[in-house]
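*Asks:* Please read through the structure below; I'll follow up with questions.
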Amino acid sequence: MDCLIELKNLVKYFDAIKAVDDISFNVQRGEVLGFLGPNGAGKSTTMKMATGFLLPTSGTAKIMGYDVTEKPIQARRKMGYLPEGAPAYGDMTPFEFLTFVAEARGLKGNEIERNIKIVTEKTHIGSVLKQQIETLSKGFRRRVGLAQALIHDPDVLILDEPTDGLDPNQKYEVRKLIQEMAKDKAIIISTHILEEVEAVCTRAIIISQGKITADETPDSLKARSERHNAIYVTVKNDSATIARTTFMQFDTVKRVEKCSENESHVEYIIIPKKGFNLLDQVSTIVRERGWAAGELRVEHGHLDDVFRQITSKTLS
Ligand SMILES: Nc1ncnc2c1ncn2[C@@H]1O[C@H](COP(=O)(O)OP(=O)(O)O)[C@@H](O)[C@H]1O
Ligand SMILES: [Mg+2]
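The sequence shown begins at -14 in my numbering and counts up by one.
In structure tokens form, the structure reads like this:
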């Protein structure tokens, strides 16, 4: 396995506050890891330690085998980091800033201009290259930050809320860019936007109060949702009561809820007991009894539900 990021037992105290509480995980080449958690969970602090910008209280972070505290220059050469918030050096233009970062990354001569051109196109900042960073909109500043992280085409990308402040089109572009780069890099993105995790991540880690509370694929997380494999069924008004009573009697059914109704039909969601699949049973009975007033639909579950379940459990 090609393990590019190795975090081991990271702990960070700010005075008495334990912001990060023993976080360990590895990220392989080809993985896009979604780092999820409510505000204050410790995502940014973990990322700062992973990149060597903040010294851990204890624990280690390695990027392509280089310990970020012991071999910071080698480690940073291999990684791009988009910190939270806006880039420092607001009085520079993006062009000056990217030149500065490229030189600091050890790029030389033609390579500097060539790479600035590449990242400018990738992040769509061509129109503002000569404008002072502090005068740019939040969306542009975020993308200048992203361009700086990509300037040396690193194997490892650690991006702290890369789509924060972007409009929906810009979010889409950045997600597409991350997907395009995913194959030959190891990428961590922090976010609290769950659709982002579904769209781009191969794996999701949820943290809450500085601790990892889930580490799995977005699909398997969704499968933990109560509504995973629930069935939406629309039945004629005059059969609604008997249909509902019948569904409730299935021993695989946990609950039946009314979603909507009008003068001709009622829509129910039938929630299965954990691990059961109701589709055959429900479709057969609805067809045999002639109750149907529309197609059946299977629900795959909501990441939001799972996120709330997992993060609220540890808060209570
Ligand atoms: N420099 C700091 N000094 C004191 N406390 C901090 C500092 N940075 C972060 N914290 C605290 O650490 C916890 C985790 O913060 P952070 O890593 O920014 O969370 P997230 O990025 O998940 O929102 C929060 O309680 C936050 O207030
Ligand atoms: Mg943060």
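Virtual Cβ for every residue (Gly too), placed ideally from N, Cα, C. Remember, predicted model here, so these are calculated numbers, not experimental data.
Taking only heavy atoms of ligand 2 into account, decide whether any of them is closer than 7 Å to the Cβ of Lys28.
*Replies:* Correct: Lys28 has its Cβ closer than 7 Å to ligand 2.
*Asks:* Roughly how many angstroms separate the alpha carbons of Phe80 and Ala60, rounded to a whole number?
*Replies:* In a straight line, the C-alpha of Phe80 is about 25 Å away from that of Ala60.
*Asks:* Between the alpha carbons of Thr84 and His137, how many angstroms are there, rounded?
*Replies:* For Thr84 and His137, the distance between alpha carbons rounds to 11 Å.
*Asks:* In angstroms, rounded to a whole number, what distance separates the CA positions of Lys28 and Ser175?
*Replies:* Going from the Cα of Lys28 to the Cα of Ser175 covers about 7 Å.
*Asks:* Please confirm whether any heavy atom of ligand 1 lies closer than 7 Å to the CB of Gly37.
*Replies:* Answer for Gly37: no, Cβ out of range of ligand 1.
*Asks:* Just the Cα atoms here: how many angstroms apart are Leu264 and Ile295?
*Replies:* Roughly 27 Å between the two C-alpha positions.
*Asks:* Since Ile178 is in the beta strand (DSSP E), which residue starts that stretch and which ends it?
*Replies:* Looking at the DSSP string, Ile178 is not in any beta strand (DSSP E), and its letter there is neither H nor E.
*Asks:* Measuring only from the beta carbon, is Glu181 closer than 7 Å to any heavy atom that is part of ligand 2?
*Replies:* Glu181: no, Cβ never under 7 Å from ligand 2.
*Asks:* List in chain order: all unbroken beta strand (DSSP E) runs of 3+ residues lying wholly within the stretch 150 to 229.
*Replies:* For the stretch 150 to 229, whole beta strand (DSSP E) runs of length 3 or above, ordered along the chain, are 171 to 176, 188 to 193, 196 to 201, 216 to 221.
*Asks:* Pull up the DSSP beta-bridge partners for Met64, would you.
*Replies:* Answer is Val141.
*Asks:* Does ligand 1 have a heavy atom nearer than 7 Å to the CB of Ile2?
*Replies:* Checking the Cβ of Ile2 against ligand 1 gives yes.
*Asks:* Following a CB-centred definition, is Asp6 positioned closer than 7 Å to any heavy atom of ligand 2?
*Replies:* Result no, Cβ not under 7 Å from ligand 2.
*Asks:* In whole angstroms, give me the CA-to-CA distance for Gly150 and Arg126.
*Replies:* Whole-angstrom Cα-Cα distance: 9 Å.
*Asks:* Quick test of the definition: if touching needs 3 or more C-beta pairs under 8 Å, does the stretch 209 to 220 touch the stretch 279 to 297?
*Replies:* Touching, per the Cβ criterion.
*Asks:* In terms of residues, what are the limits of the alpha helix (DSSP H) holding Leu83?
*Replies:* From DSSP, the alpha helix (DSSP H) with Leu83 extends over 79 to 89.
*Asks:* Please indicate yes or no: does the CB of Asn24 lie closer than 7 Å to some heavy atom of ligand 4?
*Replies:* This structure simply doesn't include ligand 4; it includes ligand 1 and ligand 2 instead.
*Asks:* Which residues in the same chain have their Cβ closer than 6 Å to the Cβ of Tyr74, if we skip the five residues on either side of it in sequence?
*Replies:* Same-chain partners within the cutoff: Phe82.
*Asks:* Taking Arg14 as the reference, give the member of Asp0, Thr230, Pro41, Cys(-12) with the closest Cα.
*Replies:* Checking every option, the nearest Cα to that of Arg14 belongs to Cys(-12).
*Asks:* Could you give the first and the last residue of the continuous alpha helix (DSSP H) run that contains Leu135?
*Replies:* 123 to 135 is the span of the alpha helix (DSSP H), which, as asked, contains Leu135.
*Asks:* Provide the residue span of the beta strand (DSSP E) that contains Glu242, from first to last.
*Replies:* Where Glu242 is concerned, the enclosing beta strand (DSSP E) stretches over 238 to 246.
*Asks:* Would you call the stretch 191 to 203 and the stretch 1 to 12 touching, i.e. three or more CB-CB distances under 8 Å?
*Replies:* Segments in contact, yes.
*Asks:* Could you have a look at Thr42 and say whether DSSP puts it in helix, strand or coil?
*Replies:* Correct three-state label for Thr42: coil.
*Asks:* How far does the beta strand (DSSP E) with Thr11 in it extend, from its first residue to its last?
*Replies:* What sits at residue 11 in the sequence shown is Asn, not Thr. Segment 2 to 13, the beta strand (DSSP E) holding Asn11.
*Asks:* Grab me the residues of Pro57's own chain with a C-beta within less than 7 Å of its C-beta, minus the 5 sequence neighbours each way, in chain order.
*Replies:* For Pro57, where only same-chain residues beyond five positions count, the Cβ hits under 7 Å are Gly37.
*Asks:* Quick check on DSSP: helix, strand or coil for Leu300?
*Replies:* Residue placement at Leu300 is flagged as unreliable, the pLDDT there being 47, under the threshold of 50; the coordinate-derived value follows with that caveat. Helix at Leu300.
*Asks:* Can you list, in chain order, the residues of its chain whose CB lies under 7 Å from that of Arg240, leaving out five sequence neighbours each side?
*Replies:* For Arg240, where only same-chain residues beyond five positions count, the Cβ hits under 7 Å are Ile256.
*Asks:* Is Asp145 near ligand 2, in the sense that its beta carbon is under 7 Å from a heavy atom of that ligand?
*Replies:* Because some heavy atom of ligand 2 lies under 7 Å away, the Cβ of Asp145 counts as near it: yes.
*Asks:* Let me check one thing: in DSSP terms, what residues is Gly19 bridge-paired to?
*Replies:* Answer is Ile174, Ala189, bridged to Gly19.
*Asks:* For Tyr157, count the other beta carbons within 10 Å of its own beta carbon; 16 or more makes it buried, fewer makes it exposed. Which is it?
*Replies:* Under this definition Tyr157 is an exposed residue.
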